[in-house]
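Numbering-wise (full-length UniProt numbering), the sequence shown opens with residue 1 and increments by one. Built from N, CA and C at the ideal position, the CB exists for glycine as well.
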Amino acid sequence: MVTGDGVVSRQGARRKRWSRWQAMAERQREVARRHGQEAQLRIAAMAFETHLGMFVTDAEGRILRTNATFRQITGYAAEEIVGHSPRILNSGRHDDHFYQRMWCAIADKGSWQGEIWNRRRSGEIYPQWLTISAVKDDEGRITNYVATLSDITERKAAEEEIHQLAFYDPLTGLPNRRLLVDRLESALKESRRSGEYGAVMFIDLDNFKTINDSLGHHRGDELLLIIAERLTAITRETDTIARLGGDEFVVMLHDLGLEADEAAMVAERVGEKLLASLVEPCMLGEMRCQVSGSIGITLFTDDLATVNDILQQADLAMYQAKAAGRHALCFFDPAMQARVMERASLEADLRQALADGLLRLFYQVQVDEEGQTTGVEALLRWEHPERGLVSPGVFIPVAEENGLIVPMGLWVLETACRQLAVWAAMPAAEHLTMAVNVSRDQFRAPDFVARLERILAVTGARPERLKLELTETLFLEDSEDTRDKMQRLKGLGIGFALDDFGTGYSSLAYLKRLPLDQLKIDQSFVRDLLDDPTDATIVTTIITLARSLELEVIAEGVESEEHRRWLAEQGCRAFQGYLFGRPVPVEELPLAAEVV
């Protein structure tokens, strides 16, 4: 049995051992704390060496510490910034609401990040990506704020460049089609909401191509910059001026009032100012130049028109202004849209007619001074199953616009040459010549001569019996290619007549240079020559000119014996017109019994 003293002795021993263990544990915990703090310090030190700018504030927002990157970005030395509020960096670009939202996010979520504009020590304002995090103690109280930041100036510049390329014209800096469409869509929505009218004005320079081709593209660019500045100066800051490309500009006006008449008057006044501004002379280098413009206007409001509809309407109105004589403005008329749809339908039918072989050649005789038939002119006719006989004055311009004139012209040449070959085998018709109209686009095709040579080879037609009628528009440009083609065809024996002489760009220069055989007096001069002294003088001059250049001359549109006699007295020796016969199918020609 253990005595009381022994019990006490053992209990004391146990207490001593427990105390030693506690002391050892405390020393171990202290070592661990020191190691942890050292590790945290090492981590913090490493974090402060990051490529991001960094600063730490106390709970009241006073800056306690910054790193080298922060000082490099902001330009502030440590002694200039420590102890100050970060408000020293504010740019002034953000209002109180911006900062309220920032601090609410930090309070609710513990952090905030986003794009912000701040100010360097130099005063330069720059874009920055900023992250702010709150640091809390074990009881959840904020003890510090840690912020990291980066300078995103280069990134913003790259984004701006991409945006500029995507939405702005690189030459003028004006909005491009994409941005115009975006703004027009917004304007349409606003117009539908408010009921106020807006307007779109489509502007096309009338003679820009001439300046661009004659003075060079760099001068053309200078002119476009001048035009862009003039348009911008006249319109409001809230309006949109866009360049679609080439010499096409669009002006979009909005908030023009609730009444269509009022909106139209405002748009017309702006349009007239634009026209007056466009026509003002300007200097391109040492050259004084002047251009004019044609403007098409369409109004928009709360209707169901789309952006494409509106732009198309303004474009159509612009072409109407050009047709009215250029340097004019024209409002879109719904009837204009109907005409466009009709033209599109006509184009589709014409393509089908060409593919299905529904076109025909009629022939009108040409006679000499004795009234003897010397040849014919091949004239294209189209008998539409529903429209009836479509006038060449209607379908030829359509064919010229959509490129059908080239394949159509080749078909005419081949058909006419086949008929020539038939006549060559008949003694009564072998002397006849065949005049065929050739369009400018057809003649300018690179392979025109080769194609015509193949047609002659395939049909067996005699080249010396073929005469190509060319118009003056082909010679507006002094082209070596045109002269070369004519010389090559002339070498085959093919003749050339200048059609509608005097109605276009008449020039003695090309009459001397080109291998022409005949001038054709247009019927517009022949029709009234007995009553109009001016027409009579023109006709006399043409006949005299042709004789001096040793060219034949033929008058078309001769409808009476009085016309024929007057022309003969002036020295004209060849005639064509209703007096001698209308255009008819080959089987109805006056010499049908002998010729067909």
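Asked: Is it buried or exposed, Asp499, if we count other Cβ atoms within 10 angstroms and call 16 or more buried?; Found: buried
Asked: Using 10 angstroms around the beta-carbon of Gln518, count the other beta-carbons present and answer buried if the total reaches 16, otherwise exposed.; Found: buried
Asked: Which whole-angstrom value is the C-beta distance of Leu253 and Gly198, which I expect to be below 8 Å?; Found: 6 Å
Asked: In the DSSP assignment, find the alpha helix (DSSP H) that holds Gly491 and state where it starts and stops.; Found: 480-492
Asked: Assign Leu579 to one of three DSSP states: helix, strand, or coil.; Found: coil
Asked: Can Leu361 and Thr415 be called in contact, C-beta distance under 8 Å?; Found: yes
Asked: Using CA atoms only, rank isn't needed, just tell me which of Gly388, Gly371, Phe395 is closest to Leu380.; Found: Phe395
Asked: What separation, rounded to the nearest whole angstrom, lies between the Cα atoms of Leu551 and Leu329?; Found: 44 Å
Asked: Confirm, please, whether the CB-CB distance from Leu470 to Val438 is below 8 Å.; Found: yes
Asked: Count the other C-beta atoms from every protein chain shown that fall within 10 angstroms of the C-beta of Glu159, then say buried if there are 16 or more, exposed otherwise.; Found: exposed
Asked: To the nearest angstrom, report how far apart Arg440 and Leu549 are at their CA atoms.; Found: 24 Å
Asked: Could you name the residues that DSSP lists as bridge partners for Pro407?; Found: Paired residue(s): none; Pro407 is not in a bridge.
Asked: Would you check whether the ligand ADP has a heavy atom nearer than 7 Å to the C-beta of Glu80?; Found: Of the ligands one can find in the structure shown there are none, so the ligand ADP has no counterpart to examine.
Asked: Run through DSSP, which three-state label would Pro127 get?; Found: strand
Asked: Please identify the residue among Arg513, Glu190, Tyr76 whose C-alpha is closest to the C-alpha of Thr301.; Found: Glu190
Asked: Would you kindly check if the distance between the Cβ of Ala574 and the Cβ of residue 670 is under 8 Å?; Found: Limits of the chain in this structure are 1 at one end and 596 at the other, which puts residue 670 out of reach.
Asked: If we count the other Cβ atoms within 10 Å of its Cβ and call it buried at 16 or more, is Ile542 buried or exposed?; Found: buried
Asked: Going by beta carbon distance, what residues of the same chain come within less than 6 Å of Thr459, once the five residues before and after it are set aside?; Found: Cys417, Arg418, Ala421
Asked: Assuming the contact rule is C-beta atoms closer than 8 Å, Thr433 and Thr373 should be a hit. Round their C-beta distance to whole Å, please.; Found: Rounded, the Cβ-Cβ distance is 10 Å, inconsistent with contact.
Asked: So, does the segment 268-285 touch the segment 227-244, judging by three or more C-beta pairs under 8 Å?; Found: yes
Asked: With Arg288 as the anchor, note down where its beta strand (DSSP E) starts and where it stops.; Found: 287-289
Asked: Decide if Thr534 is buried, meaning its Cβ has at least 16 other Cβ atoms within 10 Å, or exposed.; Found: exposed
Asked: For Thr57, write down the residues that DSSP places opposite it in a beta bridge.; Found: Ile63, Tyr145
Asked: Expressed to the nearest angstrom, what Euclidean distance is found between the alpha-carbon atoms of Gly571 and Leu545?; Found: 11 Å
Asked: Give a yes or no on whether the C-beta atoms belonging to Val412 and Ala314 are separated by under 8 Å.; Found: no
Asked: Counting only runs that start and end within the UniProt domain "GGDEF" (196-334), where is the alpha helix (DSSP H) found for 4 or more residues in a row?; Found: 208-215, 217-234, 260-278, 307-323
Asked: If you pair each beta-carbon of the segment 143-150 with each one of the segment 56-65, do three or more pairs fall below 8 Å?; Found: yes
Asked: Determine the extent of the alpha helix (DSSP H) in which Met426 is found, giving its start and end residues.; Found: Element bounds for Met426: n/a, residue is neither H nor E.
Asked: Which of the three DSSP states, helix, strand or coil, is assigned to Arg381?; Found: strand
Asked: Three Cβ pairs or more, each shorter than 8 Å: is that satisfied between the segment 255-262 and the segment 304-322?; Found: no
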